[in-house]
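Here is the structure we will look at, set down as structure tokens.
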Amino acid sequence: MPATWSESVEKAPTGGGVGATSHASRSTYVPPHLRNRPPSASADPPPSATVSYAGTLAGNESQGQGGPAVGGFQSYGSRNDLSGGGLSRGGGGGGSGWNNRNGGWDRGREREANPFQNGVPEPEFAAQENLGINFDAYEDIPVETSGKDVPPPVNTFAEIDLGDALNMNIKRCKYVKPTPVQRHAIPISLAGRDLMACAQTGSGKTAAFCFPIISGILKSGQSAQRQPRMPRMAFPLALILSPTRELSIQIHEEARKFSYQTGVKVVVAYGGAPINQQLRELERGVDILVATPGRLVDLLERARVSLQNIRYLALDEADRMLDMGFEPQIRRIVQQMDMPPPGVRQTLLFSATFPKEIQRLAADFLSNYIFLAVGRVGSSTELILQRIEYVLETDKRSHLMDLLHAQRANGVQAKQALTLVFVETKKGADSLEHWLCINGFPATSIHGDRTQQEREYALRSFKSGKTPILVATDVAARGLDIPHVAHVINFDLPNDIDDYVHRIGRTGRAGKTGLATAFFNDSNASLAKSLADLMQESNQEVPAWLTRFAARSSFGGGRNRRGQGGGGRFGGRDFRKDSSYNRGGMDMYGGGNSGYNQSGGYGGGYGSAVTSAWD
DNA sequence: AAAAAAT
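Read in order, the letters of the first sequence correspond to residues 1 to 615 in UniProt numbering.
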């Protein structure tokens, strides 16, 4: 272990690795005369209603995206090496298929921008990209599955029949080997099973739910469907909900890479940005809609999106969404609109933790689901060196300055190792940013009072190394996969240990090491116990004073949410295992076997007796 | 107490 924090910053590899997002511009320019192109009379659909693989992809970057030329997609239709039948799904209903009248199959195929090429230039990092992914660290991550008939995990992408087009994109992403969550979740999803997964971003879960969705859409042969009666309403096949705008943007960027040249259309919708452009994108056809809840509700109310064709529903960072008070919106979207019920659609629920509220959501949204828990990437593998320092409120700025100066002296700044500084308040973020700037440290900030434009600009500026210090509120705490963050500084500690875990998870990404420094003082007493426990759990050196703090505050009722759910290295455990769950007389999982025996309409309406057993 | 998210 490195002797000093500055040494470890220096040693921390700065490659972004697996999740590195090249910043794809969301606005693919489409010349006005090609926008909202009416269905061309001569654009007859292909003769066979089969798979939409975009023909041969190898060494074929330009072919097949040469614009909307009529009849330019002969490569469609013939390849059917994936579909094992099952092209139609229940409830497709009449003319909503591939051969529908309005020629929906080639909608939105105008000039697909290459999502692999239009990123922010990152010359400093390009060379080491993906070279230092510590896959051994991934191997150590504990994984736990439970449920009925769990499909076995895979060890390579080659074992999974995702199809040529998707495989090509996996190669383009330089993914060599599936991460633990991918090894388990992909076979589960491909088998059509619902999934409740406890995993954090950084574990590779975006790909874990995107691959099966894209593959499934390709297999079904349905894409970008329209309803002739309602030309302005979009009918996505998959919906991905996430808590923050930036996370939605990021998922969209990744999903676009995965679906490049497959014909599968991914659209993102979120607030704070003009809705008109999003409406135009939707009108051009959408297979996978990535959205924040508020904007989606708006779109549903405007009748610009219908969920009746949804076959895949993925909820990312579900616990976060509930924390943010999105439950009413989410329930409205999932249960009160025209979304197909559980069992008809396939639902994938991702959450870092598995508290009661999420358990309820799982029971309501999922059908006969498989529970998957993946250990914390950072804590269980000790990839993140955590340091807690006792710093009085009044000393924080000068202490931060010391850290940054030492970092700079080590040449770290020159190498553009990015530093993410978390603060408690939006005001605090603004003033700290300003203070850093006037003291010679190029910094920017991201928080909810900044306009969406400013937020996205700040993120770009940070990622590119232009301002290698980003001051952030919790808007950036979860899910954001910012590559090359070498150092996370908790200038203000959060009140919740889960937030702490999320924050430090911004470093040590993709199996690389990182450093997390936190400023602790008396105002953080309530966090002492859980913080000390977490650090011990992840084999970090716990300062003696923190241990004393923890002992002092623990009987004072410091909220230790950890361990409550069976905790340990996992964010949660399958509550269905708890004997108390079966107390209500219905032995749903019994039978004496090791596996669950989920009979009796668990996915549909569970009895009230079961509901009461949760409380 | 603060943050996030639809206008």
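Using N, Cα and C, we set each Cβ at its ideal position, and we do this for glycine too.
Which of helix, strand or coil DSSP assigns to residue i
i: residue 444; result: strand
i: residue 359; result: helix
i: residue 351; result: strand
i: residue 335; result: helix
i: residue 346; result: strand
i: residue 220; result: helix
i: residue 534; result: helix
i: residue 501; result: helix
i: residue 197; result: strand
i: residue 401; result: helix
i: residue 619; result: The structure shown does not extend to residue 619, since the chain spans only 1 to 615, so no value can be given for it.
i: residue 191; result: coil
i: residue 456; result: helix
i: residue 210; result: helix
i: residue 181; result: helix
i: residue 272; result: coil
i: residue 466; result: coil
i: residue 176; result: coil
Pick from the options that is closest to residue i, judged by C-alpha positions
i: residue 385; options: 231, 151, 506 and 241; result: 506
i: residue 350; options: 401, 336 and 210; result: 210
i: residue 434; options: 312, 469 and 407; result: 469
i: residue 627; options: 269, 234, 344 and 260; result: In the structure as shown, the chain begins at 1 and stops at 615. Residue 627 is therefore absent and cannot be evaluated.
i: residue 405; options: 436, 429, 178 and 392; result: 436
i: residue 531; options: 316, 508 and 493; result: 493
i: residue 423; options: 548, 323, 466 and 499; result: 499
i: residue 438; options: 459, 463 and 397; result: 397
i: residue 375; options: 199, 185 and 235; result: 199
i: residue 307; options: 236, 260, 370 and 267; result: 236
i: residue 155; options: 185, 546 and 449; result: 185
Residue i - partner residues in DSSP beta bridges
i: residue 386; result: 516
i: residue 422; result: 472 and 490
i: residue 146; result: 371
i: residue 312; result: 238 and 346
i: residue 289; result: 239 and 267
i: residue 391; result: None, per the DSSP bridge assignment.
i: residue 485; result: 418
i: residue 305; result: 234
Inter-residue Cα distance where the pair is residue i and residue j
i: residue 356; j: residue 230; result: 40 Å
i: residue 426; j: residue 299; result: 29 Å
i: residue 239; j: residue 331; result: 14 Å
i: residue 265; j: residue 247; result: 18 Å
i: residue 661; j: residue 258; result: The structure shown does not extend to residue 661, since the chain is modelled only from 1 to 615, so the question has no answer here.
i: residue 275; j: residue 171; result: 34 Å
i: residue 305; j: residue 277; result: 14 Å
i: residue 354; j: residue 176; result: 30 Å
i: residue 368; j: residue 313; result: 15 Å
i: residue 457; j: residue 152; result: 43 Å
i: residue 263; j: residue 158; result: 22 Å
i: residue 447; j: residue 430; result: 9 Å
i: residue 288; j: residue 149; result: 28 Å
i: residue 180; j: residue 440; result: 42 Å
i: residue 541; j: residue 296; result: 45 Å
i: residue 359; j: residue 319; result: 10 Å
i: residue 344; j: residue 495; result: 40 Å
i: residue 145; j: residue 254; result: 26 Å
i: residue 147; j: residue 197; result: 12 Å
i: residue 281; j: residue 222; result: 18 Å
i: residue 472; j: residue 444; result: 9 Å
i: residue 486; j: residue 340; result: 44 Å
i: residue 528; j: residue 538; result: 15 Å
i: residue 286; j: residue 310; result: 11 Å
i: residue 453; j: residue 220; result: 37 Å
i: residue 245; j: residue 291; result: 8 Å
i: residue 517; j: residue 400; result: 10 Å
i: residue 455; j: residue 428; result: 16 Å
Contact belief for residue i with residue j at Cβ below 8 Å, rounded distance in angstroms
i: residue 488; j: residue 420; result: 5 Å
i: residue 293; j: residue 194; result: Between residue 194 and residue 293 the Cβ distance is about 20 Å, and since that is not below 8 Å, they are no contact.
i: residue 218; j: residue 163; result: 6 Å
i: residue 327; j: residue 519; result: So it is not a contact: roughly 33 Å between Cβ atoms.
i: residue 352; j: residue 502; result: 7 Å
i: residue 166; j: residue 214; result: 6 Å
i: residue 365; j: residue 347; result: 5 Å
i: residue 115; j: residue 284; result: Not a contact, Cβ separation roughly 17 Å.
i: residue 243; j: residue 321; result: 5 Å
i: residue 316; j: residue 241; result: 7 Å
i: residue 160; j: residue 142; result: Actually they are not in contact, since the Cβ atoms of residue 160 and residue 142 sit about 22 Å apart, beyond 8 Å.
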